[in-house]
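Residue numbers (full-length UniProt numbering): 1 to 795.
What follows is the structure, encoded as structure tokens:
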């Protein structure tokens, strides 16, 4: 028998751990409570968020019967009202009181990473784990933890895969107690089809999972509530007063309201200057440097031009305050660019001005956001995407044009942007200015008196019906035509469509198309014919990709199975080049030709394997049309060549310059490839004929996510830590997570250029949380091994 000492020691250890956990529980559950939570949570909110008490509406919301009875809830308030804090308190309650895990769905990778970092200090203090599911991060199936609760912070796409995987393995209802959706109005945008599909499956399966959605801008709130069988809570609360203005040429109007609606009341005249024809710089100068300002622009190029225009109107005295801190910011930006820095930012940052759009890398945007929050920068010129999700409060918001791109602004977009003006704890009040020309004045009045846009289902618009049918069949939710019809009766699409379209006919066509391409199969079940997934359909569901993408991927993998090139990584990179990016990056023929001609013999062999040779290139250069399939391969291989340069340790600046595309787009391609790599691996694992390729791709995963040297990889595990900051940490002596976890906040701030104290605190907490999570997993594995040994005979 196994030594009794081992067994007894194991039991003793477990007993000690139980006692420690009970002691912690007793400490937490002191008599004074905070919305059913230990009072310690209130103290932590005050410590890490600087919020000593909740607003009246937050207390009212948290005391709703819907919350107490765990009914689904949608709550909507203006931007800056404090919606996220309510969601976080609900998540803490779910884990600490109900002892269930939580899925927190957010729209963008950068916001997921920011939220993981912000929740980390709470995870350390309250003994739960925060796991990131975004880009290339997140494992399927999720690691099952016996001792700690988990918040899965996920993008819309990753949340879909997470829900599917947990449901299929029988863990969803068992482990998940709450799903929170931020920016619920995004259900009306193209990616919203995936969110609608995820929620439909949960609602149809009638799972005992509490769903809470929040948004600032929803026009058809009651329709969404019907879809989710949810209670509704709305409030017009703003913590600070917001005054709205319109500037039409040289006249400034205040926006006032009466019984007839919104009106424009003349307020003052401004003097237009030749170097500032729309007075945008004049409006900025009225508040900076004492207060902060956001200028929303119609395009990325416009952001850069306006930032330069503002700086040309500022005198040298604007450079003196915070001169050293701003130079530190420039050094940090140069670190992220491997020595390169944007020429425009180099000119504007000394004045405390910057621009912000998708042409920047995520790391650059994050540094600028931190600088704005710490008042190192006092003015940011940005596109409308900054209004969604990123918490950048400003004294004044200026909308330079009533257009987003070439489309006239909607009321939802307007409300999102002006909502950034005047945030509690930062300003006593806020101001917004909408700039326009006379020919747009009538449209402005119509806009101000219009209703908030409705969130319309995107299932039909994005052709997501087939994918949802496959997923529902694969999960065992439906198996017959009648089941499928009943299932789709639960969608938002069905709830809000007047069904003027032939709904039944549309479903029948979707099913027929799936049968025709071989994604669905029929089989006899008694007297009935039922649907089941083919290998191709099963792979599409597992990989969380469309059936069209699955067909292309299957063909690519079949070729690779016969003659995959292992002499370099080019062929493998082609397999994980995301289809979704093909239309986003334009091909430059001359660059394509030059890069192709520079390929070595082995790399040219890869091109031939996938269907590209000198003839294809010459035909492409001459402008002659190719078949759709060859054209698709040519475009995708162009993206692969970009990825290959990154894989060979060329930084995004160099690669962006080589291919003449914005570095932000290069970084977006890399992030998308890391995410698609995860999908391709799951596809290969499901279709066992491709399992050997899955092994090859897994080996690439970690490096693909970060594209950095091995010594930096441990530091890049930290949420929101990018290449430049990882290098800074390494140079400062923080070589691993252990050293960071043991670090002192003030010491780290002194050692790292332009690192706010709040961010340093979050980084240290994130390191602690990662180490605790890893240690717990190792401990659980060891206990499982010892438990397996108990009762065994040793010979």
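Backbone N, C-alpha and C fix where the C-beta goes; we use that ideal spot for every residue, glycine too.
Around the beta carbon of residue 486, fewer than 16 other beta carbons lie within 10 angstroms, which makes this residue exposed. According to the DSSP assignment, residue 247 belongs to the beta strand (DSSP E) that extends over 241 to 248. In this structure, 366 is the residue among 262, 366 and 122 with its C-alpha nearest to the C-alpha of residue 113.
Beta-bridge pairing by DSSP links residue 533 to 520. Straight across, the Cα-Cα distance linking residue 446 with residue 428 is about 30 Å.
For the pair residue 306 and residue 318, the Cα-to-Cα distance works out to about 17 Å.
By the neighbour-count criterion, in which 16 or more other beta carbons inside 10 Å mark a residue as buried, residue 214 falls on the buried side. Here residue 261 has 449 as same chain residues with Cβ atoms under 6 Å from its own Cβ, once five neighbours each way along the sequence are excluded.
Put simply, of 65, 64 and 126 the residue whose alpha carbon is nearest the alpha carbon of residue 37 is 126.
Per DSSP, residue 259 lies in no alpha helix (DSSP H) and is assigned neither H nor E. For residue 440, the three-state secondary structure derived from DSSP is helix. A Cβ-Cβ distance of about 11 Å is found for the pair residue 197 and residue 477, leaving them out of contact under the 8 Å criterion. Looking only at 283, 157, 265 and 612, the smallest Cα-Cα distance to residue 435 is reached by 283. For residue 101, DSSP records a beta bridge to 176. A residue is called buried once 16 or more other Cβ atoms fall within 10 Å of its Cβ, and residue 583, having fewer, is exposed. Between residue 471 and residue 164, the C-beta spacing is below 8 Å.
In this structure, DSSP gives residue 253 an extended state, which the three-state scheme calls strand. Secondary structure remark: continuous beta strand (DSSP E) runs of at least 3 residues inside the stretch 363 to 390, in chain order: 379 to 382. A buried status is given to residue 612, since no fewer than 16 other beta-carbon atoms sit within 10 Å of its beta-carbon.
Just measuring C-alpha positions, the residue of 394, 639 and 51 sitting nearest residue 296 is 394.
By a beta-carbon distance limit of 8 Å, residue 216 contacts residue 419. Their separation comes to about 6 Å.
A straight-line Cα-Cα distance of about 9 Å links residue 412 and residue 219. The beta carbon of residue 130 is closer than 7 Å to those of 116, 119, 120, 123, 151, 153 and 769 in its chain, skipping five residues each way along the sequence. With respect to the 8 Å criterion, residue 660 and residue 588 are classified as neighbours on the basis of their beta carbons.
Its Cα nearest to that of residue 382, the residue 404 stands out among 347, 221, 404 and 639.
Going by beta carbons, residue 643 and residue 598 fall outside the 8 Å limit. Distance check between residue 610 and each of 575, 592 and 591 places 575 closest, using alpha-carbon atoms only.
In the DSSP assignment, residue 494 falls within the unbroken alpha helix (DSSP H) covering 492 to 496. When beta bridges are read from the DSSP output, residue 268 appears opposite 252.
If you draw a straight line from the Cα of residue 228 to the Cα of residue 444, it is about 34 Å long. In the displayed model, residue 112 falls within a helix according to three-state DSSP.
In the three-state reduction of the DSSP assignment, residue 413 falls in the helix class. Classified as exposed, residue 43 has fewer than 16 neighbouring CB atoms from the shown chains inside 10 Å of its CB. For residue 234, the number of other beta carbons within 10 angstroms of its own is below 16, and it is reported as exposed. Secondary structure of residue 38 (DSSP, three-state): strand. Closest in C-alpha terms to residue 633, from the list 53, 743, 780 and 552, comes 552.
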